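>
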Amino acid sequence: MKTSLILCFLLLGSLLPAQVRRSTKPLPASAFKLISVKVTGSSRYTSDEVIAASGLQLGQTVSEDEFKKASSRLGETGAFRNAAYAFQFSPKGTKLDLQVADTPKFVPARFDNLPWWSDADLLIQLHGRVPLFKSDLPLAGTLPDLVSDALQALVVEKNTQAHVDYLRSGSLNQAIDAFVYSVSGPAIRVRQIDFTGASASEASDLQRVAAKLQNENYSRSALHIQAEKDLLPVYLERGFLKASFSDPVPRIAQETTQEVGVDVSFEVKPGSQYKCAKVEFSGRNIFPSDQLHNLIRQPIGEPANDLRLHEDMEAVQKLYGTRGYMEAVARPVATFDEANATVSYEVEIAEGERYKMGDLEIRGLDSHTSARLAEAWEIHGGEPYDSSYLPKFLDATTQMLPGGRWNVIPHVTLDESGKTVDVTIRYDPKDR
2 MKTSLILCFL LLGSLLPAQV RRSTKPLPAS AFKLISVKVT GSSRYTSDEV IAASGLQLGQ
62 TVSEDEFKKA SSRLGETGAF RNAAYAFQFS PKGTKLDLQV ADTPKFVPAR FDNLPWWSDA
122 DLLIQLHGRV PLFKSDLPLA GTLPDLVSDA LQALVVEKNT QAHVDYLRSG SLNQAIDAFV
182 YSVSGPAIRV RQIDFTGASA SEASDLQRVA AKLQNENYSR SALHIQAEKD LLPVYLERGF
242 LKASFSDPVP RIAQETTQEV GVDVSFEVKP GSQYKCAKVE FSGRNIFPSD QLHNLIRQPI
302 GEPANDLRLH EDMEAVQKLY GTRGYMEAVA RPVATFDEAN ATVSYEVEIA EGERYKMGDL
362 EIRGLDSHTS ARLAEAWEIH GGEPYDSSYL PKFLDATTQM LPGGRWNVIP HVTLDESGKT
422 VDVTIRYDPK DR
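Residue numbering for the sequence shown follows our numbering, starting at 2 and increasing by one per position.
Right under this line is the structure:
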């Protein structure tokens, strides 16, 4: 019994010419029935997922054209960097081998404002319609569009007049790090927010902060940012330095064709409350430790207030600015003692180079007044700059200005190459 074996390749979405050796004896119709498909080469997908994505089904009548279309379909998704196939006709039927190689770079898919499903439920439903989608997507190809189409179909089934779209997300001048899916159409608004796992006192403060989010558009990404920016500080100032919030969990409270009201729940994990054991400084040369410690308001033995400590770091940096160290950085490094629930801080100081006074420019005033102000400026060119002097100068010279009210706009420019500070002060008359 003779068989016909054909090898074909799809590389980067292009078909190479097939090398074919054909049997001279006609094959029965049963030879063109697909009886098996074997998939090799993928560590990301199962054989069933690849076969489903190819569009082929066991038992269907096939030809080489179907295999070309199936290979093209797989390649166009972007999930595979290459694909190849080989098939064998015999009187019993056709056997197909699919050889694929996974695309290495995938990024997450995120669903921003779809409160009708949980993430887990949505992934299951989308995977059932788009077999190659599990939660991540390739940077190129049709797979993101296939997910969008499937998501649109799910939205339609909810009898919701919403339109699905997606964006490629990434930082400025950085590579894509996610695909973000969202819907537009009906207004989806936050109705109320609750917190599980919070104590009564903390829940009260959380509710106070969260009140400004009510009636805002529901967006998981926006709520996540708000949780980090506004909600987490409720814990950080109390010493819960490892507190965390879950992703917001929505529940539809009311729905019309024009508006959806969503109640949102956060699970809070406060973790341990840490007390401050000590604060030490390293890397400092300009100021003695006692002078720096005077700027730290954190009592030893009390719950560590992370917010206040970072405010104190700004005060330390401002102190360095008074000596001309305009780029000094104070960074607290925390070491945790889990057994005793304490935290010790070592404040690493990078003092940087000393800046000197550069040019002073006064704009918007007559030449006589400008000259008087320039003469009153006490830091001469080449002397160490004092960052605290400018506001003092502005207060002290108010009486030197001509009659009327003035908008005063100071601007400080650091010249990194020359290590100098240029100061520009513009005076604009206020509207009478």
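Idealized CB from N, CA, C, for every residue including glycine.
Note that the structure is a prediction, hence the values are computed from the model and not measured.
Whole angstroms are fine: how far does the CA of serine 73 sit from the CA of serine 37?
In the sequence shown, residue 37 corresponds to position 36, counting from 1. In the sequence shown, residue 73 corresponds to position 72, counting from 1. Going from the Cα of serine 37 to the Cα of serine 73 covers about 19 Å.
> What three-state label does DSSP hand arginine 324 in the structure shown?
Along the sequence shown, read from residue 1 onward, the residue named residue 324 stands at position 323. DSSP places arginine 324 in coil when its eight states are reduced to three.
> If you drop the 5 nearest sequence neighbours on each side, which residues of the same chain put their C-beta closer than 6 Å to that of valine 101?
Taking the first residue of the sequence shown as 1, we reach residue 101 at position 100. The answer, listed in chain order, is Gly42, Ser43, Phe81, Ala84.
> Just the C-alpha distance for arginine 23 and alanine 71, rounded to the nearest angstrom, thanks.
If you number the sequence shown from 1, residue 23 lands on position 22. If you number the sequence shown from 1, residue 71 lands on position 70. Legend: pLDDT at arginine 23 = 48, less than 50; position of this residue unreliable, no value from coordinates given.
> May I have the straight-line CA-CA distance separating histidine 128 from lysine 93, to the nearest angstrom?
For the purposes of this step, residue 128 is taken as the residue at position 127 of the sequence shown. For the purposes of this step, residue 93 is taken as the residue at position 92 of the sequence shown. Using only the alpha carbons, I get a separation of about 33 Å.
> State buried or exposed for arginine 406, treating a residue as buried only when at least 16 other CB atoms are found within 10 Å of its CB.
As a working mapping, residue 406 is identified with position 405 in the sequence shown. By the 10 Å Cβ count, arginine 406 comes out exposed.
> By how many angstroms is the C-alpha of isoleucine 363 removed from the C-alpha of serine 389?
In the sequence shown, residue 389 corresponds to position 388, counting from 1. In the sequence shown, residue 363 corresponds to position 362, counting from 1. If you take the alpha carbons of serine 389 and isoleucine 363, they lie about 18 Å apart.
> On the criterion of 16 or more Cβ atoms from any shown chain inside 10 Å, does asparagine 174 qualify as buried, or is it exposed?
For the purposes of this step, residue 174 is taken as residue 173 along the sequence shown, with counting starting at 1. So asparagine 174 counts as exposed.
> Going by other Cβ atoms of all chains shown within 10 Å of its Cβ, with 16 needed for buried, is glutamate 50 buried or exposed?
On the sequence shown, position 49 is the one that residue 50 refers to. The residue in question, glutamate 50, is buried, as its Cβ has 16 or more Cβ neighbours within 10 Å.
> What are the uninterrupted segments assigned as beta strand (DSSP E) that are 3 or more residues long and contained completely in the segment 156-192, given in chain order?
With a minimum length of 3 residues, the continuous beta strand (DSSP E) runs that stay inside the segment 156-192 are 164-170, 179-185.
> When DSSP labels each residue in this structure, what does arginine 239 get in the three-state scheme?
Taking the first residue of the sequence shown as 1, we reach residue 239 at position 238. In this structure, arginine 239 counts as coil in the three-state DSSP scheme.
> Round the Cβ separation of leucine 214 and valine 191 to the nearest angstrom and send it over; I've been treating them as touching at under 8 Å.
On the sequence shown, residue 214 is found 213 positions in, with the first residue counted as 1. On the sequence shown, residue 191 is found 190 positions in, with the first residue counted as 1. With 8 Å as the limit, leucine 214 and valine 191 qualify as a contact, their Cβ atoms being about 6 Å apart.
> Tell me, please, whether the segment 264-272 touches the segment 290-306 by the rule of three or more beta-carbon pairs shorter than 8 Å.
With a cut-off of 8 Å, the segment 290-306 and the segment 264-272 do not count as touching, because too few Cβ pairs lie within range.
> Starting from the N-terminal side, write out each stretch of the beta strand (DSSP E) that is 3 residues or longer and does not extend beyond the segment 100-147.
Complete beta strand (DSSP E) runs here, min 3: 107-112, 137-139.
> Identify the continuous beta strand (DSSP E) that holds phenylalanine 337 and give its terminal residues.
One-based indexing of the sequence shown puts residue 337 at position 336. Element bounds for phenylalanine 337: 330-338.
> On the three-state DSSP scale, how would you describe leucine 35?
The residue you call residue 35 lines up with position 34 of the sequence shown. The answer is strand: DSSP assigns leucine 35 an E or B state.
> Excluding the 5 residues preceding and the 5 following isoleucine 177 in the sequence, name in chain order all residues of the same chain whose CB lies nearer than 8 Å to its CB.
The count along the sequence shown starts at 1 and reaches residue 177 at position 176. If we look at isoleucine 177 and ignore the five residues flanking it on each side, its Cβ neighbours are Val108, Leu140, Arg169, Ser170, Gly171.
> Pair every Cβ in the segment 275-283 with every Cβ in the segment 331-350, then say whether three or more of these pairs are closer than 8 Å.
Contact holds: three or more Cβ-Cβ distances are below 8 Å.
> Mind checking which residues open and close the beta strand (DSSP E) that includes valine 422?
Taking the first residue of the sequence shown as position 1, residue 422 is located at position 421. 421-430 is the extent of the beta strand (DSSP E) around valine 422.
> For lysine 357 versus tyrosine 386, is the C-beta spacing smaller than 9 Å?
As a first step, residue 357 is located in the sequence shown; it is residue number 356 there, counting from the start. As a first step, residue 386 is located in the sequence shown; it is residue number 385 there, counting from the start. Going by C-beta atoms, lysine 357 is nearer than 9 Å to tyrosine 386.
> For threonine 414, which residues in the same chain have their Cβ closer than 6 Å to its Cβ, ignoring the five residues on either side in sequence?
The sequence position of residue 414 within the sequence shown is 413, counting from 1. Correct list, in chain order: Asp423.
> Since alanine 377 and threonine 398 should fall inside the 8 Å C-beta cutoff, what is the C-beta to C-beta distance between them, to a whole number of angstroms?
Position 376 of the sequence shown, counting from 1, holds the residue named residue 377. Position 397 of the sequence shown, counting from 1, holds the residue named residue 398. Indeed they touch by this definition, with Cβ atoms about 6 Å apart.
> Quick one: what's got a C-beta closer than 6 Å to alanine 331's C-beta in the same chain, skipping five residues either side?
Counting from 1 along the sequence shown, the entry for residue 331 is found at position 330. If we look at alanine 331 and ignore the five residues flanking it on each side, its Cβ neighbours are Met314, Val317, Gln318, Val348, Ile350.
> Mapping the DSSP letters down to three states, classify leucine 214 as helix, strand or coil.
Locating residue 214 in the sequence shown gives position 213, counting from the first residue. Of the three classes helix, strand and coil, the one that applies to leucine 214 here is helix, per DSSP.
> Which residue wins for smallest C-alpha separation from asparagine 114, given the options Lys39, Ala151, His164?
Walking along the sequence shown from the start, residue 114 turns up at place 113. Taking only the C-alpha atoms, the option nearest asparagine 114 is His164.
> Mind checking which residues open and close the beta strand (DSSP E) that includes tyrosine 346?
Residue numbering aside, residue 346 sits at position 345 when the sequence shown is read from its first letter. From DSSP, the beta strand (DSSP E) with tyrosine 346 extends over 343-351.
> In whole angstroms, what separates the C-alpha of tyrosine 167 from that of alanine 154?
Your numbering for residue 167 matches position 166 in the sequence shown. Your numbering for residue 154 matches position 153 in the sequence shown. C-alpha separation (whole angstroms): 15 Å.
> For valine 181 and serine 222, I'd like the C-alpha separation in whole angstroms.
The count along the sequence shown starts at 1 and reaches residue 181 at position 180. The count along the sequence shown starts at 1 and reaches residue 222 at position 221. Cα-Cα distance, rounded: 9 Å.
> Where do the ends of the beta strand (DSSP E) carrying lysine 357 lie?
Along the sequence shown, read from residue 1 onward, the residue named residue 357 stands at position 356. Taken as a continuous stretch (DSSP letters only), the beta strand (DSSP E) holding lysine 357 covers 357-364.
> Provide the residue span of the beta strand (DSSP E) that contains proline 304, from first to last.
Against the sequence shown, residue 304 aligns to sequence position 303. Unbroken run through proline 304: none, as it is neither H nor E.
> Hey, quick one: how far does the beta strand (DSSP E) through isoleucine 287 stretch, first residue to last?
Locating residue 287 in the sequence shown gives position 286, counting from the first residue. Looking at the DSSP string, isoleucine 287 is not in any beta strand (DSSP E), and its letter there is neither H nor E.
> From aspartate 360 to valine 263, what distance separates their C-alpha atoms?
Residue mapping note: residue 360 aligns to position 359 of the sequence shown, counting from 1. Residue mapping note: residue 263 aligns to position 262 of the sequence shown, counting from 1. Looking at the two C-alpha atoms, the distance is approximately 57 Å.
> In whole angstroms, give me the CA-to-CA distance for glutamine 58 and arginine 45.
Against the sequence shown, residue 58 aligns to sequence position 57. Against the sequence shown, residue 45 aligns to sequence position 44. So the two alpha carbons sit approximately 21 Å from each other.
> What does a CB cutoff of less than 8 Å around glycine 198 pick up in its chain, not counting 5 residues either side in sequence?
Position 197 of the sequence shown, counting from 1, holds the residue named residue 198. Correct list, in chain order: Glu268, Val269, Lys270, Pro271.
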